[in-house]
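Quick note: numbering that gives the first Met the number 0 has the sequence shown finishing at residue 200, numbered continuously throughout.
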Amino acid sequence: MNAKEKSRAYFNAHRKSRLARGGYWRLDYGHVLAEIETLRPESLIDIGCGPGGFLRAVQKRFPEIQLNALDLSEEMAGETQERLGRSAVVTVGDAEHMPLEGGQYNVVTCNMSIHHYPHPQGALNEMYRILVPGGTLLLNDMDCAAPIRALANWVFPRLPGGDVKMYTRREITEMIQNAGFERWYYRKISPFSFLCTARKE
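Rendered as structure tokens:
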């Protein structure tokens, strides 16, 4: 199976698992929520939503925001829909080829998901496309010291979950720029993760 097939199969089979509901990366949610507090968007979509843990936190703190979600896994999308209720719009789809119209979301979030994408540039291009002019991307993923990253990138293809690559800061910022974003800010938020905020002009 290729990475996408592995991801879909793995996460379909782990809808209720503790791993699916979040690990250490749940600590990153506070940083993303702080950015949302500042932005106060009307609408938000989470790409690679998993079982909806992050969006549930958004819903509790900002009930006025129209929530949307996209995930490759049918089971994870179903779990998210159950957790958020009918007011949220949840779509099953590929982040690199989103079945969504362009220019409709104020904020796009992507938490601990982009390392599953074999073609991350395509996914970032899509995230740019679906944002309204003036919209913001909040991209959160892994950022470790070079030796740890090298080991992780050797291990990833051997894991069952469809992990592909831990991208470097340079790779992320170059892809952000290539997607069309003109303003961005990349910062470490833990020894293991980063948050990149990028604005669509």
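C-beta: ideal position from N, C-alpha, C; glycine also.
Test item: CB-CB of residue i and residue j under 8 Å
{"i": "residue 46", "j": "residue 109", "result": "yes"}
{"i": "residue 222", "j": "residue 168", "result": "This structure leaves residue 222 out entirely; the chain is present only between 0 and 200."}
{"i": "residue 117", "j": "residue 57", "result": "no"}
{"i": "residue 114", "j": "residue 2", "result": "no"}
{"i": "residue 69", "j": "residue 44", "result": "yes"}
Rounded C-alpha distance that separates residue i from residue j
{"i": "residue 153", "j": "residue 104", "result": "36 Å"}
{"i": "residue 92", "j": "residue 74", "result": "12 Å"}
{"i": "residue 8", "j": "residue 72", "result": "8 Å"}
{"i": "residue 81", "j": "residue 5", "result": "24 Å"}
{"i": "residue 54", "j": "residue 29", "result": "12 Å"}
{"i": "residue 158", "j": "residue 11", "result": "16 Å"}
{"i": "residue 183", "j": "residue 31", "result": "15 Å"}
{"i": "residue 131", "j": "residue 125", "result": "12 Å"}
{"i": "residue 101", "j": "residue 119", "result": "18 Å"}
{"i": "residue 189", "j": "residue 27", "result": "8 Å"}
Extent of the continuous beta strand (DSSP E) to which residue i belongs
{"i": "residue 103", "result": "Run containing residue 103: none; DSSP gives neither H nor E here."}
{"i": "residue 189", "result": "182-189"}
Where the alpha helix (DSSP H) containing residue i begins and where it ends
{"i": "residue 174", "result": "168-178"}
{"i": "residue 57", "result": "52-60"}
{"i": "residue 28", "result": "28-38"}
{"i": "residue 77", "result": "73-83"}
{"i": "residue 112", "result": "No alpha helix (DSSP H) contains residue 112, which DSSP labels as neither H nor E."}
{"i": "residue 155", "result": "Per DSSP, residue 155 belongs to no alpha helix (DSSP H) and is neither H nor E."}
{"i": "residue 12", "result": "2-12"}
Identified DSSP bridge partners for residue i
{"i": "residue 93", "result": "96"}
{"i": "residue 43", "result": "66 and 106"}
{"i": "residue 196", "result": "137 and 184"}
{"i": "residue 130", "result": "104"}
{"i": "residue 88", "result": "67"}
Residue-level contact to chain D via CB, residue i, 8 Å cutoff
{"i": "residue 151", "result": "Of the chains in the structure shown, none is chain D; there is only one protein chain."}
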